[in-house]
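**Q**
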Amino acid sequence: MGRRDFLKWSAGAAAFLGAGRGAFAQTVSPGDKINVAHIGLGGMGRSHLEWFAAMPDVNTVALCDVDSEHLATALARAQEIQPGKDIATYSDFRHVLDRGDVDVVTCATPDHWHALVTIMAFDAGKDVYAEKPLCRTVAESRAMVDARQRTRRVFQLGTQIHAGDNYHRAVELVRSGILGDIHTVRLWKTGGSPGLGYPPFEDPPSQLDWEMWQGPAIRRPYTPPRCHFSYRYFWDYSGGVYADFWCHIADIAFWSLGIGEPRRIHARGTTPADGIADTPAWIEVDYEFDGLDLHWSTDVPDVPGAAGKGIGCQFEGTRGSMVVDYGSRVLFIDGEEIEDVPDVPQSIDRSPGHQRNFLDCVRSRRQPESHLDYAANMTLPMLLGCISFRLQRPLEWDAAQGSFVGDEAANRMLSVPYHGPWALPEARRKVAVR
Amino acid sequence: MTLAMALTALTLAAPGEPEFTPLLDGESLAGWTATGDESGWVIEDDGTLLTVGTVDGGWLATDREYADFVLRLEYMLSEVGNSGVLIRGMTEESVSTEVQLLAPWTPRRDDLHCTGSLYGHVAVDPRPDETPLVWHSMEITAVGKLLTVSVDGVEVCRANTDEVESLAGASLSGKIALQSSHSGPDEWVRFRNIRIRDLDAEPGHLAYQLRDEDPAIRRHAQEFAARLGSAMVPELLRLHAEGTPLSVATASEALAWVAAHATKEDGSGGALSAALARELAADWPAQTRKLVLETLTVAGTEDAISPIAASMAHPDLSYSAAAALAAIGGDAARSALAEAIRSDSPGAAIATAIALGSMGAGKGLGALLEASGADEPSVRAAAVNALGRVGEGEASAAAITARLRDPDQAVRAAAQSAACRLAAALARSGHGGMAESLLTRAVAAAEARGQRVSALVVATSIGLTESSAPYRAARAMDSAAVGEARRVAETYSGEGH
Chain G
1 MGRRDFLKWS AGAAAFLGAG RGAFAQTVSP GDKINVAHIG LGGMGRSHLE
51 WFAAMPDVNT VALCDVDSEH LATALARAQE IQPGKDIATY SDFRHVLDRG
101 DVDVVTCATP DHWHALVTIM AFDAGKDVYA EKPLCRTVAE SRAMVDARQR
151 TRRVFQLGTQ IHAGDNYHRA VELVRSGILG DIHTVRLWKT GGSPGLGYPP
201 FEDPPSQLDW EMWQGPAIRR PYTPPRCHFS YRYFWDYSGG VYADFWCHIA
251 DIAFWSLGIG EPRRIHARGT TPADGIADTP AWIEVDYEFD GLDLHWSTDV
301 PDVPGAAGKG IGCQFEGTRG SMVVDYGSRV LFIDGEEIED VPDVPQSIDR
351 SPGHQRNFLD CVRSRRQPES HLDYAANMTL PMLLGCISFR LQRPLEWDAA
401 QGSFVGDEAA NRMLSVPYHG PWALPEARRK VAVR
Chain Z
1001 MTLAMALTAL TLAAPGEPEF TPLLDGESLA GWTATGDESG WVIEDDGTLL
1051 TVGTVDGGWL ATDREYADFV LRLEYMLSEV GNSGVLIRGM TEESVSTEVQ
1101 LLAPWTPRRD DLHCTGSLYG HVAVDPRPDE TPLVWHSMEI TAVGKLLTVS
1151 VDGVEVCRAN TDEVESLAGA SLSGKIALQS SHSGPDEWVR FRNIRIRDLD
1201 AEPGHLAYQL RDEDPAIRRH AQEFAARLGS AMVPELLRLH AEGTPLSVAT
1251 ASEALAWVAA HATKEDGSGG ALSAALAREL AADWPAQTRK LVLETLTVAG
1301 TEDAISPIAA SMAHPDLSYS AAAALAAIGG DAARSALAEA IRSDSPGAAI
1351 ATAIALGSMG AGKGLGALLE ASGADEPSVR AAAVNALGRV GEGEASAAAI
1401 TARLRDPDQA VRAAAQSAAC RLAAALARSG HGGMAESLLT RAVAAAEARG
1451 QRVSALVVAT SIGLTESSAP YRAARAMDSA AVGEARRVAE TYSGEGH
């Protein structure tokens, strides 16, 4: 693709309202099936294919990946599920966005593509179900929120644990007050970034479009660990285990307590010493919120109920505590260990499932359970924690200004330079990014 | 100053040892802290440090930690004196390494516990002279995992800590500490001329350690490189320019730490920026210069603007250079970008337009306006795009309007988007009339229904009714676009959370 074609596309990325065919007429009539296209078909993308194709009112119409092996594997599976249907394949997601008949795209690309794919899909009139983590930087998060408000599209972050009964019940228990006032929350996920060694640089394999894979990220010589799956252990594309799992387990705390933005962030930890990977081998972050201390750790904290759980959230209140993980919970009240308090009524409607909830919203035009504003607020402390970790110092956050207090280097890290001609549309509000 | 003090000052730093720094000032225990009773440590009139057995002074430890160093000192023991020098000690998790100082007393200690041994870990060979009541000299070197001890000019002990089972996990850094005399109330130990060559303050040494096979050694050198700051920059770039995956990763990470360290409130950010800017003029490979520009994105100050701007012309560097200038910000950066947009390289011009679009044009506005009429279509498109984002009044509106009829399709599409974006900004700043006129022109120039619908939706969002000029223009050309825009507006108002 020549520079001129590229520019045409980047112009589309920056378009105020998109210039695609009938961009804003993209609403699904009640009797119609929803046409879904999947962008990014590694492990999570193939789960998207399975999940959505299982819905009776979904047509899988297009698949897209920059690796033709991924594409071939996914297409073979899609044809098993929908025999005889015409399923188009693409290596460039912009051709998917160009199709007027696509209602929904799912995005399971590496993290450094999440913001642009989502924003360009919004501008092309598509609704988006995107994998976590939401994005890489605060600037990306703001641009996504801004673009969604501008285009009024429907967005769901792929935090499927949210939909389970366990999280719903945990929220009801916390909000009931049986634990008293919650003053401390501890989040943890064991395991850190492996070093990945020092593999030699290579020519990218022929089935992979390495230039497109890198997209807005900085250009690096190709070596396999930088690409599929283990890209997660490089700041160039992601933020390691911490960035990967934050939203799954922070979700239960932010949902239960309606937490706002932190005032102070202090991250500590080290990166692996035995390889090219540069995200945390272990990390601890202390956050101060208004009336709440929140801690993240790579280690399992020494609190009741946490032992043996690789991921978890502990709520500590004035009357008791509770540890929640994906599928279980245990409460400690007056020294007694219990799983539930039947007196607390069920007050929150249960989810029909994370993908079903999203598709229902595509029809109703309401916002789904992990909608973008919620996801952006929940993701912010993680993004700020990454900056504190990389600068190896505590940071003060001014929520009103949307910037760090007295730390210019940290403020510059609220965004990363995009490799041109890719450009992130600028958000209208709180643009502290210079 | 008394004569005694003057003599003391002379004896502190031995001649011919410019790399060495005295660890004691000859007058006080400044820089040291005793773990026991501090009165057990006495500075005598000639600057000699005396520890006597009557008071338990514990360990006298340096306040700061040392990792790689050459330590030289002289010591004298009483008849059955017993002391030692702890190195890389007083850390939380580490086994301690003590170089023993011992008079040959009864029962006679073996080679694993005598003077010069790493007490209990590594024996001496040969055994040094242990005569009490005379001055002996000692040199201890610690470089990575290699430790050596010399007494009176003869090496008596050498160990690689990885090869000594009992030293597994020994810390690579820690305090240096002297042990108080502890063999009896009448026994004593004297020290003088304690001086150190701090290898971790020497860029050349760190550069060597950064190439070590052992990741722990490299990691350690990276941390010390961060403390050394801008002085490390040339060595780190040399390492990066070697271009192997290991050297690139090690150098990139170390430089990131240097930047994180220097941009703290200690004010050395300016020095780092200057050091990096100097390197931009040197003959580094493009990948290495790119690393310099990336680091300047975090650590750059205004002084670096002109060398960064000089990198704009390089096709592989223009995006990184423009990003660095945008991060530094200010009118000087804008002026430098404005200059670059006029260059012959389309890549540099496009990178500039993206940067100006992200930072707000200010003084760069004139250059963007000029570039919107450049010969190269891709430059025109990028400039128009940026104009739509920075949105400053009539001149931008006129430039965008002119590009709505550009001969190049990509430029026309960019101008449509820019017109919508600028119109919304104009309306917010109270220039509704100008916004309406711009949208009318966009509708009239639109080549597809989608473009007309976009312009009309913006018109509605800024409060224009269906009797406004953009709607009238659309109705005359393409009434279906009006209906579609209306449906979109209804979708908007129906949204709930």
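If you're matching them up, the sequences are chains G and Z in order.
Residue numbers for the first sequence, in the numbering used here: 1 to 434.
Residue numbers for the second sequence, in the numbering used here: 1001 to 1497.
For glycine and all other residues, C-beta sits at the position ideal for the given N, C-alpha and C.
All values derive from a computational prediction rather than experimental measurement.
1) Please list the residues of the stretch 1227 to 1254 of chain Z that have a C-beta atom closer than 7 Å to any C-beta atom in chain G, keeping them in chain order.
2) Measuring alpha carbon to alpha carbon, tell me which of Z:1213, Z:1151, Z:1169 and Z:1463 ends up nearest residue 1432 of chain Z.
3) Given 8 Å as the limit, is there contact between the stretch 1347 to 1360 of chain Z and the stretch 1374 to 1387 of chain Z, that is, 3 or more CB pairs closer than that?
4) Can you tell me whether residue 424 of chain G is helix, strand or coil according to DSSP?
5) Going by beta-carbon coordinates alone, are residue 1079 of chain Z and residue 1132 of chain Z separated by less than 8 Å?
6) Given a cut-off of 8 Å on the beta-carbon distance, is the pair residue 1371 of chain Z and residue 1341 of chain Z in contact?
7) Going by Cα to Cα distance, which pick from Z:1374, Z:1437, Z:1439 and Z:1422 is closest to residue 1408 of chain Z?
8) What residues of chain Z sit near residue 413 of chain G, judged by a beta carbon separation below 7 Å?
9) Quick check on DSSP: helix, strand or coil for residue 1022 of chain Z?
10) Excluding sequence positions up to five away, which residues of its chain have a Cβ less than 6 Å from the Cβ of residue 1194 of chain Z?
11) Would residue 419 of chain G count as contacting chain Z if we go by Cβ distances under 8 Å?
12) Along the chain, which unbroken stretches of the alpha helix (DSSP H) at least 4 residues long are found entirely within the stretch 1368 to 1445 of chain Z?
13) Using a 10 Å radius around the Cβ and a threshold of 16 neighbouring Cβ atoms, would you call residue 1160 of chain Z buried or exposed?
14) Run through DSSP, which three-state label would residue 117 of chain G get?
15) From this set, Z:1167, Z:1393, Z:1134 and Z:1213, which residue's C-alpha is nearest residue 1247 of chain Z's C-alpha?
16) Distance cutoff 8 Å, beta carbons only. Does residue 376 of chain G sit that close to anything in chain Z?
17) What does residue 1264 of chain Z reach in chain G if we use C-beta pairs closer than 7 Å?
18) Compute the Euclidean distance between the alpha carbons of residue 1252 of chain Z and residue 1216 of chain Z, then round it to the nearest angstrom.
19) Which residues of chain Z have a Cβ atom closer than 8 Å to the Cβ of residue 273 of chain G, listed in chain order?
20) At 4 residues or longer, and completely inside the stretch 58 to 131 of chain G: list those alpha helix (DSSP H) runs for me, N to C.
21) Which runs of the alpha helix (DSSP H), 4 residues or longer, sit entirely within the stretch 1450 to 1478 of chain Z?
22) DSSP three-state call for residue 268 of chain G: helix, strand or coil?
23) Going by DSSP, what residue range makes up the beta strand (DSSP E) through residue 1196 of chain Z?
24) Taking contact to mean 3 or more Cβ pairs, one atom from each stretch, closer than 8 Å, check whether the stretch 205 to 212 of chain G and the stretch 245 to 255 of chain G are in contact.
25) Is the CB-CB distance between residue 275 of chain G and residue 194 of chain G below 8 Å?
26) What number of angstroms, rounded off, separates the C-alpha of residue 91 of chain G from the C-alpha of residue 78 of chain G?
27) Which bits of chain Z does residue 148 of chain G rub up against, with CB to CB less than 9 Å?
28) Between the alpha carbons of residue 439 of chain G and residue 1293 of chain Z, how many angstroms are there, rounded?
29) Report the residues of the stretch 1385 to 1403 of chain Z with a CB closer than 8 Å to any CB of chain G, ordered along the chain.
30) Flag this pair as yes or no: are the beta carbons of residue 174 of chain G and residue 315 of chain G separated by less than 8 Å?
31) So, at 6 Å on beta carbons, what are the nonlocal neighbours of residue 1130 of chain Z in its own chain, with the 5 sequence-adjacent residues on each side left out?
32) In this structure, does DSSP put residue 153 of chain G in helix, strand or coil?
33) Is the CB of residue 1319 of chain Z under 8 Å away from at least one CB in chain G?
34) Going along chain Z in order, which residues have a C-beta closer than 8 Å to the C-beta of residue 441 of chain G?
35) Looking at C-alpha atoms only, which residue of Z:1290, Z:1112, Z:1315 and Z:1199 is the closest neighbour of residue 1099 of chain Z?
36) When the Cα atoms are used, what is the spatial distance from residue 65 of chain G to residue 98 of chain G?
**A** Taking the definition as stated:
1) 1245, 1246, 1249 and 1253
2) Z:1463
3) yes
4) coil
5) yes
6) yes
7) Z:1374
8) Ordered by position in chain Z, the residues that pass the 7 Å Cβ test against residue 413 of chain G are 1298.
9) Looking at residue 1022 of chain Z - three-state DSSP - the assignment turns out to be strand.
10) 1023, 1024 and 1073
11) yes
12) Taking 4 residues as the minimum length, the alpha helix (DSSP H) runs contained wholly in the stretch 1368 to 1445 of chain Z are 1377 to 1390, 1393 to 1403, 1409 to 1428 and 1432 to 1445, in order along the chain.
13) exposed
14) helix
15) For the options Z:1167, Z:1393, Z:1134 and Z:1213, the alpha carbon positioned closest to that of residue 1247 of chain Z is the one of Z:1213.
16) no
17) 393
18) 17 Å
19) 1215, 1216, 1218 and 1219
20) 68 to 81, 93 to 97 and 111 to 123
21) 1469 to 1477
22) Residue 268 of chain G falls in the strand class under three-state DSSP.
23) First-last of the beta strand (DSSP E) with residue 1196 of chain Z: 1188 to 1198.
24) no
25) yes
26) 16 Å
27) Simply none; closest approach about 10 Å.
28) The displayed coordinates of chain G run from 1 to 434. Any statement about residue 439 of chain G would go beyond what the structure contains.
29) Hits within the stretch, in order: 1385, 1388 and 1389.
30) yes
31) 1104 and 1115
32) coil
33) yes
34) The requested residue 441 of chain G does not occur in the structure, where chain G is confined to residues 1 to 434.
35) Z:1112
36) Cα-Cα distance, rounded: 16 Å.
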